[in-house]
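Input: a single structure, listed below in structure tokens.
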Amino acid sequence: MSAEPGTAPPLPAAPNLAAPAEGAIGWIASTDHKRTAAKIGVASLVFFIASGVLALAMRTELAQPGLQFISDQTYNEFFSMHGSGMIFLFLTPAALALGLYFVPLQIGAAEIALPRLALFGFWTYLCGGLTMYAGFFTDNGAGSDGWTAAAPLSNSAFTPGIGMDMWVIGAGLAVLGSLLIGVTILLTLFRLRAPGMTMLRLPVFSWSMVVTAFMVVGSFPVLVVTMGLLLYERHVGSVFSGSNGAIAFQHLFWFYGHPVVYVMFFPFVGAVAEVVATFSRRRFFGYKALVLSLLVFTALSMAVWAHHMFTTGGVQNQYFSLTSHLLAVPAGIEYLDLIATMIGGAILLRTPMLFALGFILQFLIGGLTGIVVASPPIDYHVHDTFFVVGHFHYTLFAGSLFGLLAGVHYWFPKATGAMLREGLGKLSFWLLVIGANVTFFPMFFLGFDGMQRRVPDYAPRLGDLNLLSSIGAGVIALGILVFLVNVVVSLRRRQPAGDDPWQGQTLEWATSSPPPRHNFQGPLPPIESHAPLFDRRLAEEPA
Amino acid sequence: MGTTRQDFEGLFSIYIWIGSGVAVLVFAAVAFALIRYRAREGRRPSRRSDSHLLEGLVAVLILAVVALLVTRTFTTEAAEDESRTTPVRIDVTAFRWGWRFTYPGEGVSVIGNSAANPTFAVPADRAVSFSLRTLDVIHSFWIPEERFKRDAIPGRVNRFDIDFEGSGSEEGLCAEFCGLEHSKMGFEVFVLSPASYQRWLAAHRGGAA
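Chains U and L, in that order, give the protein sequences.
Using this note's numbering, read the first sequence as starting at 1 and increasing by one per residue.
Using this note's numbering, read the second sequence as starting at 544 and increasing by one per residue.
If you want it as structure tokens, here you go:
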């Protein structure tokens, strides 16, 4: 069912397929990439809420110095599962689900490559997530060595119990599942593009998925194997116990662990770029430069991992400091192109655009503080403190989550056929902006003033800023609640979206909402650039 | 060659100023776009879709700033790595969940745990050379006042110098998550004048091993 790029017409609905099963079973068993993506989306939303509740519990404990609500051990399980849940089970799969849903639509394909592998990837990921969370029901509790499971603390002598084993297996399975999904996206992008859809006519979001899938394929296998080694270490014999074992584990972990933070970033850059172009009513500015910058960023992403290890005294700090600083160049080009698209446009501030702006401005704070910690003598102070916690929450929460929500608000009408409510959307946006900044900005000062990571208790002088941060977390929870209400209300009392509610520029807006089983009925519009619908609208416009 | 604190503050202020400058620039550009280019009746969006000159210029400009930052980072790092002459030597051993500080050749050793954090002394205005080990998992020796930390890694000895200034007491923490009582694994440093330091050593000689 593969097609030579550029030669075969888009696949017609295959005539000899058995009629798909109806109802819940049919939905669960379906290999339609849109349904697989929706399943991943729902699962990742559930893991997001669970891991978010853990964060609220932690912020409640941290509101005052001393231990009030939970024990040290419980706190350790909570922060470990919060980080693991958000990274392995929420942001990575959600980013890939966005690609799995919209890449085939954007490139005019009727189907994903290897649809059954994608579905298998979903189940693998889901089993991994459930295994990891089920650790809470074991005698020693869930995994409690952070999301990084540093050796030798993660071995069976220092962290005994089946809950930690389940964490190791769960992490391995979840990442393996994500890897399989990434593979199907990459193959789709290379093998199933519609006639005329050359690589340099891929929409910006699809390009962001090309480079994301490169990183997935290049780095995720390392984590899967590392979790295998860790399981061996815990039950059979020594792997990471020698004099270089602890350092070796960190190299292996961060070889996965750094690219993955861009796996949780690029798809949202791509989504935000689509939103910014659409709501500025013009073609994305600097398309080729953006593609080049994504490729450079990807290459560098595989060469910066040991900047997480400056304080170990066991790596060549200058090399990793240099590569990390260099990330500023492609990142700067991306910012230039996003802003230059707005300047000269005709900007409409609808909810997707607000979330895109939130992404651009708040990620900036995370990115700039990222350059700050790329300098080893600075990192010697702020490493493993709340300064770094603040930094990566500005990238992952105030950045990536806002980018995801920009994409969700933008594409929700396409996937469901119903519009989200503008009023509720804007309310949730402002609550999340206030919540994110009140929660995460004080963390820079807390870390600087001597609060290390992963502690349930701290010096009394740090109480005020911690209280402020905890109040912010409550506002975030409110914002998320409003978003969920928006989704439910919009699905219950539907305002029909039509095919193209935003004047979109890419092919997914040329089909019905939601798209049919094989995505397109009738011929595709001509594809002469990365914005074929924009071209068509321009051609129809009086000169 | 300054203290770790001076090194940190010199670099940190450069990064924060440049970072703040970039942030102001980007916020201003976005604000300008939002005010000047909002959709309204009769506005026709520009059809220009790239400018390689502008993109090239921005890339070169960022590269120049990166070169400046990296050069400052490398020179600071090189100065920190330089070994000092006639430093005071202190061996630090981290364990779950406490610290032991031993003064080689002085017959002085202090130890403490999460229930009773240890206190050790250093002379002011003289380099102190630490040798850091761990008995079990990874820990990290952090003195926020000195703006410096270094990890204790199983099977390795990490050596580093810190120059303490002035006098008084400074708080120390374990910065690397090490299990149940990680948050309580603190210590205290007394920074003393040479005479007080000698008195402190004498008082602790032959004490707890």
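In this text, a Cβ means the ideal position worked out from N, Cα and C, and glycines have one as well.
Only a predicted model underlies this, so the values are computations on that prediction, with no experimental measurement involved.
Report the residue from D499/U, R461/U, S30/U and D535/U whose alpha carbon sits nearest the alpha carbon of Q64/U.
R461/U
Min CB distance S71/U to chain A below 7 Å:
In the structure shown, chain A does not exist; the protein chains are U and L.
Any C-beta of chain L sitting closer than 7 Å to the C-beta of F386/U?
no
Would you report the Cα separation of D500/U and R282/U, rounded to the nearest angstrom?
16 Å
For I701/L, go through chain U and note every residue whose CB falls closer than 7 Å to its CB, in chain order.
At residue 701/L the sequence reads Asn, which differs from the Ile that was named. By Cβ distance, chain U contributes G313.
Using a cut-off of 7 Å between C-beta atoms, extract the partners of D165/U located in chain L.
Here the premise fails: no neighbours, minimum Cβ distance about 17 Å.
Run down chain L in chain order and give the residues with a C-beta less than 8 Å from the C-beta of Y394/U.
In chain order: nothing, as chain L lies at least about 11 Å away.
Span of the beta strand (DSSP E) around A63/U
Element bounds for A63/U: n/a, residue is neither H nor E.
Where the region 243-266 of chain U meets chain L: residues whose CB sits under 8 Å from a CB there:
S243, N244, G245, A246 and I247
Short CB-CB distance (under 7 Å) between G344/U and chain L
yes
Which bits of chain L does P376/U rub up against, with CB to CB less than 8 Å?
T616 and E620
At 3 residues or longer, what runs of the beta strand (DSSP E) sit wholly inside the region 232-311 of chain U?
none
Please report the Cβ distance between I378/U and F555/L, rounded to the nearest whole angstrom; I am assuming they are in contact, meaning their Cβ atoms lie under 8 Å.
5 Å
Among N140/U, G172/U, P523/U and W167/U, the one whose alpha carbon lies nearest that of P160/U:
N140/U
Would you kindly work out how many angstroms separate the C-alpha atoms of G545/U and F47/U, rounded to a whole number?
Within the shown structure, residues of chain U are numbered from 1 to 543, placing residue 545/U beyond reach of any answer.
Strictly by DSSP, which residues pair up with P666/L?
L735/L
Three-state secondary structure (DSSP) of Q316/U
coil
Which residues, in chain order, does the region 275-286 of chain U contribute to contact with chain L at a C-beta distance below 9 Å?
F279, S280, R281, R282, R283, F284, F285 and G286
Secondary structure at S178/U, three-state DSSP: helix, strand or coil?
helix
Element boundaries [alpha helix (DSSP H), containing A576/L]:
T547 to R579
Nearest-angstrom beta carbon gap, F730/L and N660/L [assumed within contact, 8 Å]:
5 Å
How close, in whole Å, do the beta carbons of F355/U and F440/U come, if the pair is a contact with beta carbons under 8 Å?
Wrong, their Cβ atoms sit about 17 Å apart, outside the cutoff.
What residues in the region 328-343 of chain U have a beta carbon less than 8 Å from any beta carbon of chain L?
A328, V329, G332, I333, Y335, L336, D337, I339, A340, M342 and I343
So, helix, strand or coil for F644/L, using DSSP?
strand
Going by other Cβ atoms of all chains shown within 10 Å of its Cβ, with 16 needed for buried, is E233/U buried or exposed?
buried
Any Cβ of chain L within less than 7 Å of the Cβ of V454/U?
Checking the sequence, you will find Arg at residue 454/U rather than Val. So yes, R454/U belongs to the interface.
Are A57/U and F78/U touching if we call contact CB-CB under 7 Å?
yes
Could you spell out where the beta strand (DSSP E) holding T416/U opens and where it closes?
No beta strand (DSSP E) contains T416/U, which is instead part of the alpha helix (DSSP H) from F402 to T416.
So if I threshold CB-CB distances at 7 Å, which residues from the region 723-738 of chain L count as touching chain U?
L723, E724, H725 and S726
For V609/L and chain U, any beta-carbon pair shorter than 7 Å?
yes
Are the CB atoms of A328/U and I561/L nearer to each other than 7 Å?
no
May I ask you to report which of helix, strand or coil DSSP gives G472/U?
helix
Taking all protein chains shown into account, do 16 or more other C-beta atoms lie within 10 angstroms of the C-beta of H530/U, making it buried, or fewer, making it exposed?
buried
If we count the other Cβ atoms within 10 Å of its Cβ and call it buried at 16 or more, is S243/U buried or exposed?
exposed
Hey, how far is the Cα of N76/U from the Cα of S672/L?
33 Å
Give the C-beta separation of A582/L and A346/U to the nearest angstrom, bearing in mind that I take them to be a contact with Cβ-Cβ under 8 Å.
4 Å
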